[in-house]
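Reading through the structure tokens given below for one structure.
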Ligand SMILES: Nc1ncnc2c1ncn2[C@@H]1O[C@H](COP(=O)(O)OP(=O)(O)O)[C@@H](O)[C@H]1O
Ligand SMILES: CC(C)(COP(=O)(O)O)[C@@H](O)C(=O)NCCC(=O)O
Ligand SMILES: [K+]
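Residue numbers (my numbering): 25 to 279.
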């Protein structure tokens with residue numbers, strides 16, 4: 025019954041093997057690999073794993089990367105399946121102008137966030153934040169409607185853009201400070217507060233739109249770096265995308 029969930033972002037592939045394709049199933053094994061090393065998965069992290077019976081992934085890193093991962097999946101006898109954004113699934117309605125153009129990771133995370141809210145009896149809005157290569161800040165109302173969201177550069181991209189666009193900004197990583205007094209701290213703090221500022225802005229907007237304070241769920245490889253500087257209540261849920269994939273797979277099996 026085991027189920028493999030895969031989340032391919034623009035920096036890393038994350039995977040988790042679950043005992044069953046059901047929300048709340050036990051994690052049997054998990055790992056992550058930078059995209060440069062995904063051609064070794066079958067010979068390294070995945071070797072010796074209990075063979076998964078099914079898989080569902082989400083991928084925003086392009087078709088070439090998907091094909092490379094499918095080659096690794098040939099280790100087992102299973103059909104690779106990939107989540108695509110659509111108009112409605114897992115209790116969420118997609119408000120994007122062209123639902124299929126919404127990043128599959130955002131769609132799956134919204135479905136995971138909705139499942140979390142339902143499980144906790146939350147019936148108000150949810151702000152879904154992912155801090156990966158890029159940062160996304162997505163608004164879900166109390167009825168499970170995805171209203172829309174922001175995309176902004178992640179910390180690394182912001183710093184590289186500043187480095188390549190200026191003559192005088194080649195400095196080591198600094199600390200986050202309220203009033204930075206050197207270039208390193210100014211850049212690190214600027215990047216962090218650009219992200220927290222966008223999150224807090226969307227939080228206010230969603231609160232105003234729904235007339236209720238949203239809960240906020242945050243995920244992504246760099247979430248832990250941003251979380252300490254957020255002035256609003258939030259929860260880090262590392263497994264948000266996997267939880268969305270589990271919800272989708274369970275839903276599909278129930279049909
Ligand atoms: N082991 C790590 N140590 C420190 N930072 C990390 C680590 N792994 C990831 N990150 C941070 O998280 C970002 C990537 O997060 P991730 O969620 O894997 O992105 P994506 O989903 O876009 O591939 C990196 O840009 C980096 O800032
Ligand atoms: C916004 C993203 C680049 C985020 O990618 P990530 O940081 O997870 O690697 C990805 O969700 C994407 O390519 N989205 C498609 C465009 C959209 O969502 O509107
Ligand atoms: K991601």
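Note that CB positions come from ideal geometry on N, CA and C, so glycine has one too. Computed from a prediction, not measured in an experiment: that's the story for all the values here.
Query: When you compare only the Cα positions, how much space is there between residue 127 and residue 141?; Result: 21 Å
Query: Cα separation between residue 43 and residue 153?; Result: 27 Å
Query: Considering only residues of the stretch 114-199, which uninterrupted beta strand (DSSP E) runs meet the minimum length of 3 residues and lie entirely inside it, listed in chain order?; Result: 116-118, 150-155, 158-164, 169-177
Query: For a test of the three-state rule: what should DSSP assign to residue 54, helix, strand or coil?; Result: strand
Query: I need the straight-line Cα distance from residue 177 to residue 150, nearest angstrom please.; Result: 22 Å
Query: Which residues, in chain order, sit with a beta-carbon under 5 Å away from any heavy atom of ligand 3?; Result: 33, 129, 156
Query: Answer yes if the stretch 208-215 comes into contact with the stretch 223-232, meaning at least three C-beta pairs across the two stretches below 8 Å, and no otherwise.; Result: no
Query: Mapping the DSSP letters down to three states, classify residue 201 as helix, strand or coil.; Result: coil
Query: Which residue's Cα is closest to the Cα of residue 123: 274, 95, 195, 107?; Result: 107
Query: Less than 9 Å between CB atoms is the rule here; does residue 226 satisfy it with respect to chain D?; Result: Of the protein chains in this structure there is only one, and it is not chain D.
Query: Quick check: what's the CA-CA separation for residue 60 versus residue 85?; Result: 12 Å
Query: Between the alpha carbons of residue 172 and residue 118, how many angstroms are there, rounded?; Result: 8 Å
Query: Please find out if some non-hydrogen atom of ligand 2 comes closer than 8 Å to the beta-carbon of residue 159.; Result: yes
Query: Ligand 2 heavy atoms versus the CB of residue 184: any closer than 8 Å?; Result: no
Query: Taking its Cβ as the centre, do 16 or more other Cβ atoms sit within 10 Å of residue 264, making it buried, or is it exposed?; Result: buried
Query: Just checking, does the stretch 188-198 make contact with the stretch 160-170 on the three C-beta pairs under 8 Å criterion?; Result: no
Query: Considering only their Cβ atoms, is the gap separating residue 115 from residue 135 smaller than 9 Å?; Result: yes
Query: Pick helix, strand or coil for residue 112, following the three-state DSSP scheme.; Result: strand
Query: State the beta-bridge partners of residue 243 as determined by DSSP.; Result: 154
Query: If you follow the beta strand (DSSP E) that residue 30 is part of, which residue opens it and which one closes it?; Result: 27-32
Query: Can you give me the Cβ contacts of residue 49 inside the same chain, cut-off strictly under 8 Å, excluding the 5 residues immediately before and after it?; Result: 27, 42, 43, 270
Query: Of all the options 227, 131, 75, 249, which has the alpha carbon lying nearest to the alpha carbon of residue 148?; Result: 227
Query: Note down, in chain order, each residue of its chain lying with its Cβ closer than 8 Å to the Cβ of residue 222, except the 5 sequence neighbours on either side.; Result: 159, 161, 174, 176
Query: Ligand 1 and residue 154: does any heavy atom of the ligand fall closer than 8 Å to the residue's C-beta?; Result: yes
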